[in-house]
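*Asks:*
Here it is, written out as structure tokens:
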């Protein structure tokens, strides 16, 4: 079974600065996907960024980028130029592709507050 | 835009009551999921379904059952609600297979139902 650990329950950052959220996972699989999901206060969870394990290049989506270290089983999220709208719970998630289901295993979450 | 809706945002029930949580998606997704979200524990999978009338247990199925009679609708049932089932419940849906495109495996979430069992 896979496990996902987010060691930072809460973080804060000043607007316009950069922050990095940590995620480590444990698996014996070689092919898998990793995700960061964002859950703003009282709003729906949305996908921020995804990474295929077979790709060495780190994924980027505008101000969001990841540092994927496969050997270390680490998948951190960097948010550049933080904005007030980035305030949210952030969840790291692991998925092993299978024939049916494609279930996600989530970490415990990191609550990020962006301060003006 | 993918839309996943849940029948209630807030629900208060009494211990022993039968509780139905409904989820509807409009994107013809094969997979549907029920999670519960608790502080510090993240999201934990209760059940999922990969087709009509098909269901599989997740990590914490005890005390819950599900029903999927139509492709777009996935119901979570608490046969006899207990106080330890007080939680936020999230429904999600996705296409059947993971693949090279982010649209094929991304899970789309509903707004959640905050259930309180007294």
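Protein chains in written order, with the working numbering: chain A, 18 to 133; chain B, 997 to 1114.
Virtual Cβ for every residue (Gly too), placed ideally from N, Cα, C.
By the three-class DSSP mapping on this structure, what secondary structure does residue 1037/B have?
*Replies:* Of the three classes helix, strand and coil, the one that applies to residue 1037/B here is coil, per DSSP.
*Asks:* Does the count of Cβ pairs from the segment 106-116 of chain A and the segment 998-1009 of chain B closer than 8 Å reach three?
*Replies:* With a cut-off of 8 Å, the segment 998-1009 of chain B and the segment 106-116 of chain A do not count as touching, because too few Cβ pairs lie within range.
*Asks:* When we look at the beta-carbon of residue 43/A and count the other beta-carbons within 10 Å, is it buried (16 or more) or exposed?
*Replies:* Burial call: exposed.
*Asks:* If I'm right that residue 1064/B touches residue 1028/B with Cβ under 8 Å, what's the distance once you round it to whole angstroms?
*Replies:* So it is a contact: roughly 7 Å between Cβ atoms.
*Asks:* Answer yes or no: does any C-beta atom of chain B fall closer than 8 Å to that of residue 64/A?
*Replies:* For residue 64/A, the answer is yes, since a Cβ of chain B falls inside 8 Å of its Cβ.
*Asks:* Across which residues does DSSP place residue 64/A in a beta bridge pair?
*Replies:* DSSP output for residue 64/A lists 54/A as bridge partner(s).
*Asks:* Secondary structure at residue 31/A, three-state DSSP: helix, strand or coil?
*Replies:* If DSSP states are grouped into helix, strand and coil, residue 31/A belongs with the strands.
*Asks:* In chain order, what residues of the same chain lie with their CB nearer than 6 Å to the CB of residue 1015/B, ignoring the 5 residues before and after it?
*Replies:* Contacts found: 1009, 1074 and 1077.
*Asks:* Considering only DSSP beta bridges, list what residue 77/A is partnered with.
*Replies:* Beta-bridge pairing links residue 77/A to 82/A.
*Asks:* Can you pull the chain A neighbours of residue 1057/B, defined as C-beta to C-beta under 8 Å?
*Replies:* Chain A residues near residue 1057/B: none, gap ~13 Å exceeds 8 Å.
*Asks:* Measure from the C-beta of residue 1001/B to each C-beta in chain A and report whether the shortest distance is under 8 Å.
*Replies:* It does not; no Cβ of chain A falls within 8 Å.
*Asks:* How is residue 1091/B classed by DSSP in three states: helix, strand or coil?
*Replies:* Note: residue 1091/B maps to coil in three-state DSSP.
*Asks:* Check each candidate in 1085/B, 1046/B, 1039/B and 1070/B and name the one with the smallest Cα separation from residue 1112/B.
*Replies:* The option with the nearest alpha carbon to residue 1112/B is 1085/B.
*Asks:* Taking the beta strand (DSSP E) that residue 109/A falls in, what are its first and last residues?
*Replies:* Run containing residue 109/A: 105-112, per the beta strand (DSSP E) assignment.
*Asks:* From the beta carbon of residue 26/A, is the nearest beta carbon of chain B less than 8 Å away?
*Replies:* Answer yes: the Cβ-Cβ gap between residue 26/A and chain B drops below 8 Å somewhere.
*Asks:* So within the segment 1003-1068 of chain B, which uninterrupted alpha helix (DSSP H) runs reach at least 4 residues, ignoring any that extend past its ends?
*Replies:* Taking only runs of at least 4 residues, no alpha helix (DSSP H) segment lies wholly in the segment 1003-1068 of chain B.
*Asks:* Could you list the residues in the segment 1031-1051 of chain B with a C-beta less than 7 Å from some C-beta on chain A, going in chain order?
*Replies:* Answer set for the segment 1031-1051 of chain B: 1036, 1037, 1038, 1039, 1041, 1044 and 1046.
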